[in-house]
Amino acid sequence: MTMSEGKTDYLSGQHPDLPPPITEVGVVGWLRQNLFSNWWNTGLTFLGLYLVYLIFMPLIQWAIIDADWVGDSREACTSGGACWVFIRVRLDQFLYGFYPVDEQWRVNLTGLLLAATIAWLTVPKLLGKRYAGLFALVVFPVIAYLLLGGGRFGLEPVETTLWGGLMLTLILSLVGIVAAFPLGILLALGRRSNMPVVRALSVAFIELWRGVPLITVLFMSSVMLPLFLPEGVNFDKLLRALIGIVLFQSAYIAEVVRSGLQAIPRGQYEAADVLGLSYWKKMGLIILPQALRLVIPGIVNTFNELFKDTTLVMIIGLLDLLAIIKAALEDANWLGYSIEGYTFTGLVFWLFCFGMSRYSMAIERKLHTGHQR
Amino acid sequence: MSENKTHFVFESLPAVQMQGVHKWYGEFHVLKNIDLDVVRGERIVVCGPSGSGKSTMIRCINRLEEHQKGHIVVDGTELTNDVKNIEIIRREVGMVFQHFNLFPHLTVLENCILAPIWVRKMSKAEAEEIAMHYLAKVRIPEQANKYPGQLSGGQQQRVAIARSLCMSPRIMLFDEPTSALDPEMIKEVLDTMIELAETGMTMLVVTHEMGFAKTVADRVVFMDGGEIIEVNEPHEFFDSPQHERTQLFLSQILQH
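One line per chain: the protein sequences are D and W, in this order. The first sequence begins at 2 in this note's numbering and counts up by one. The second sequence begins at 386 in this note's numbering and counts up by one.
As structure tokens, this is what we get:
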């Protein structure tokens with residue numbers, strides 16, 4: 002968009018098309034049109050800017066300019082701004098819970114492996130998506146379980162009661178997402194099945210889980226379930242919470258997926274039938290690919306909620322990121338830094354949720370083939 | 386494509402046999418005592434006013450609709466509740482819909498090779514070869530890698546025809562294939578159908594295109610109120626319709 006081209010001489014009638022003047026398009030044009038089109042709008046713009054200044058200046062002042070970053074105790078926090086020293090000192094615990102310090106490399110390695118797997122799955126240039134999916138769903142969980150739990154291959158066993166912090170939050174939400182998604186799809190298909198028994202069971206399952214609060218489910222899993230189990234049989238508390246979360250969220254996923262199934266025109270089902278495709282091939286190749294694409298926003302919404310709902314495990318004594326920060330706030334050495342603690346938690350959760358939603362927007366764009374029907 | 390060893394046995398059988406077929410939607414009696422035999426290689430055009438049951442009738446032939454009474458035998462297999470039989474029949478019967486019903490998330494080529502690969506268990510290369518053959522037949526091989534949404538209605542319908550043919554069906558059903566098309570696209574689809582008819586394909590076509598009926602059909606079936614009113618050769622059918630209702634229908638659609 003250089004303007005210098007306009008200076009050359011041209012034969013009459015040969016003048017090339019020039020870019021529109023910079024005051025009409027681009028940032029300047031946009032500003033003019035939208036913010037300064039008349040005196041009233043100009044006034045509003047300045048008022049708005051002033052409000053933004055009023056709100057955000059103190060925040061920036063507190064969080065960045067006046068903040069204390071270095072030190073190892075509360076004595077380092079003297080300037081009156083945010084005391085990020087608190088987060089720094091406790092960061093290890095916030096990330097790993099009470100996972101033994103000498104064994105934390107195992108968590109890091111698992112995290113690294115996870116990041117690599119996600120990259121393999123999501124970066125379009127990397128090939129072999131089918132293997133990536135297989136690896137992510139079958140191989141990775143086994144490796145992660147062995148690495149984190151230990152007790153084999155000379156690895157020190159680490160009880161799940163020691164797991165905590167961001168690591169636990171991620172485990173809960175990832176396992177929740179990965180397990181609840183297929184289960185939800187099956188339930189959605191079951192609810193639309195022609196077979197009365199399958200349909201009734203699906204409806205009953207979905208309505209049961211949708212009808213109770215997650216807190217109740219978690220309580221049941223940790224307090225009541227052991228009462229029904231025979232003496233001596235004891236599952237891991239984390240496992241019980243996970244099962245509860247998975248079953249609970251699968252009911253929500255099922256309803257989201259069902260809404261997508263309902264949006265697919267009947268002609269698609271008929272065309273698949275007429276070509277002789279069996280039920281599972283019809284669903285797997287024709288209906289679900291279209292239905293899931295339609296409900297990506299709803300699915301991501303549910304995953305997003307699931308991610309944040311994992312904080313509820315706090316009430317059964319699992320120390321996820323939020324719980325461990327709450328616990329740290331009780332520490333007599335660090336009383337009074339709850340704003341820092343919660344701001345940090347909020348920021349971490351926001352980053353993950355925002356990442357998810359950006360990714361979902363990217364897939365939506367990629368999968369859009371400009372059609373319906 | 387490849388000739389079946391038992392071909393001569395089928396030769397003697399009608400492609401489609403409908404005997405005393407009745408169908409109800411709840412209380413509503415849609416099909417009343419339908420008797421129709423379609424000989425192998427025959428081209429049948431079914432016409433009639435809307436709501437006369439013509440679509441329902443041909444949709445019974447591949448069990449998109451279930452009949453409640455009577456017998457339907459397709460290619461020597463009777464349509465019953467037996468899922469096996471339905472599968473066998475659907476593999477032999479192709480269908481083209483009014484609204485094309487292409488799979489929008491797949492390219493044209495993928496639409497065509499899907500069923501051959503997953504139902505006929507062909508290799509991908511073989512399926513693609515056949516698909517390109519039929520896409521060339523319907524004159525749109527250059528669109529193979531586009532998505533259906535990028536094609537015109539006429540092109541989409543021709544893809545739908547090619548997609549059906551890739552399964553090498555013995556019978557083709559057309560359910561108002563040109564009704565959803567803009568007028569300038571009707572001809573390209575009808576031309577494709579005429580070419581298909583020339584290959585000797587058994588065809589049942591529900592359509593309002595009387596020109597097509599005159600040039601292509603061996604017999605024209607006229608339906609009204611869920612009954613077959615009249616079956617005749619096109620020449621006879623258009624020039625001297627026997628039944629009062631046929632005369633009325635023809636006078637209504639041929640006025641313009």
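Here a beta-carbon is modelled for each residue, glycine too, at the ideal position from N, C-alpha and C.
Open item on the list: According to DSSP, G30(D) sits in a beta bridge with which residue or residues?
Closed with: Per DSSP, none; premise fails for G30(D).
TODO: Please check if any C-beta of chain D sits within less than 8 Å of the C-beta of A666(W).
DONE: Outside the shown range of chain W (386 to 641) lies residue 666(W), about which nothing can therefore be said.
Task: Assigned exposure category for W85(D) - 16 Cβ within 10 Å defines buried - done: buried
Task: Residue-level contact to chain W via CB, P125(D), 8 Å cutoff - done: no
Open item on the list: Would you say A400(W) lies against chain D (beta-carbon separation less than 8 Å)?
Closed with: no
Task: Residues of its chain near M284(D), where Cβ-Cβ distance is below 8 Å and the 5 sequence neighbours each way are ignored - done: L190
Open item on the list: Suppose the cutoff is 8 Å on Cβ atoms and the five residues either side in sequence are ignored; what does the same chain contact list for L278(D) look like?
Closed with: L286, I287
Task: Whole-number beta carbon distance between P399(W) and E477(W), since they are thought to touch under 8 Å - done: So it is not a contact: roughly 14 Å between Cβ atoms.
- [ ] Over the uninterrupted alpha helix (DSSP H) stretch that includes C354(D), give me the two end residues.
- [x] 339-368
Open item on the list: According to DSSP, simplified to helix, strand and coil, what is K417(W)?
Closed with: strand
Task: Chain-ordered chain D contacts of R428(W) [CB-CB under 9 Å] - done: Within chain D, no residue comes near R428(W); the closest Cβ sits about 20 Å away, beyond 9 Å.
TODO: Whole angstroms is fine: what's the gap from G337(D)'s alpha carbon to K327(D)'s?
DONE: Whole-angstrom Cα-Cα distance: 11 Å.
Task: V493(W) classed as buried or exposed, judged by whether at least 16 other C-beta atoms fall within 10 angstroms - done: buried
Open item on the list: Using a 10 Å radius around the Cβ and a threshold of 16 neighbouring Cβ atoms, would you call A521(W) buried or exposed?
Closed with: exposed
- [ ] Using a Cβ-Cβ cut-off of 8 Å, state whether H484(W) counts as contacting chain D.
- [x] At a cut-off of 8 Å between beta carbons, H484(W) contacts chain D.
TODO: Taking T217(D) as the reference, give the member of N109(D), Y51(D), V199(D), I246(D) with the closest Cα.
DONE: I246(D)
Task: Coarse secondary structure for M480(W), derived from DSSP in three states - done: strand
Task: For I300(D), the nearest candidate out of I66(D), M196(D), F182(D) (CA to CA) - done: F182(D)
- [ ] Indicate whether at least one CB of chain D lies closer than 8 Å to the CB of V544(W).
- [x] no
Open item on the list: Beta-carbon within less than 8 Å of P101(D)'s beta-carbon, same chain only, minus the 5 sequence neighbours each way: which residues are those?
Closed with: E157, V159, L163
- [ ] Measure the C-alpha to C-alpha separation of F482(W) and P562(W) and round it to an integer number of angstroms.
- [x] Spanning the two alpha carbons is a distance of roughly 6 Å.
Open item on the list: Please state the DSSP three-state secondary structure of L398(W).
Closed with: It is coil, neither helix nor strand.
Task: Three-state secondary structure (DSSP) of N389(W) - done: With a pLDDT of 45 at N389(W), under the threshold of 50, the modelled position of this residue cannot be trusted, and the question is left open.
Open item on the list: Could you tell me the alpha carbon to alpha carbon distance between Q632(W) and S564(W), rounded to whole angstroms?
Closed with: 22 Å
TODO: Using beta-carbon positions only, say whether T690(W) and F559(W) come within less than 8 Å of one another.
DONE: Residue coverage of chain W in this structure runs from 386 to 641, which leaves residue 690(W) outside it and unanswerable.
Open item on the list: A252(D) and R193(D) - do their beta-carbons sit closer together than 8 Å?
Closed with: Not in contact: R193(D) and A252(D) (Cβ atoms no closer than 8 Å).
Task: Short CB-CB distance (under 8 Å) between K282(D) and chain W - done: So, interface residue.
TODO: Can you give me the Cβ contacts of W106(D) inside the same chain, cut-off strictly under 7 Å, excluding the 5 residues immediately before and after it?
DONE: none
Open item on the list: On the CB-based measure, 16 or more other CB atoms within 10 Å of its CB, does G438(W) come out buried or exposed?
Closed with: Around the beta carbon of G438(W), 16 or more other beta carbons sit within 10 angstroms, so the residue counts as buried.
Open item on the list: Counting only beta-carbon separations shorter than 8 Å, does Q480(W) have a partner in chain D?
Closed with: A small correction: the amino acid at residue 480(W) is Met; Gln does not occupy that position in the sequence shown. Output row for M480(W): interface = yes.
Task: Spatial neighbours of E463(W) in its chain, beta-carbon cut-off 8 Å, leaving aside the 5 residues before and after - done: H456, I457, N470
- [ ] For Q373(D), I'd like the list of residues in its chain whose CB is within less than 6 Å of its CB, leaving aside the five on either flank, ordered along the chain.
- [x] In this prediction, Q373(D) has a pLDDT of 45, which is less than 50 and means its spatial position is unreliable; nothing more can be read from the coordinates.
TODO: Could I get the ranges of all uninterrupted alpha helix (DSSP H) runs contained in the stretch 123-174 of chain D, with 4 residues as the minimum, in chain order?
DONE: 130-135, 141-150
TODO: Compare the C-beta of A292(D) with all C-beta atoms of chain W and state if any pair is closer than 8 Å.
DONE: no
TODO: With a threshold of 16 other CB atoms inside 10 Å of the CB of T587(W), please say whether the residue is buried or exposed.
DONE: buried
Open item on the list: How far does the alpha helix (DSSP H) with M442(W) in it extend, from its first residue to its last?
Closed with: 439-446
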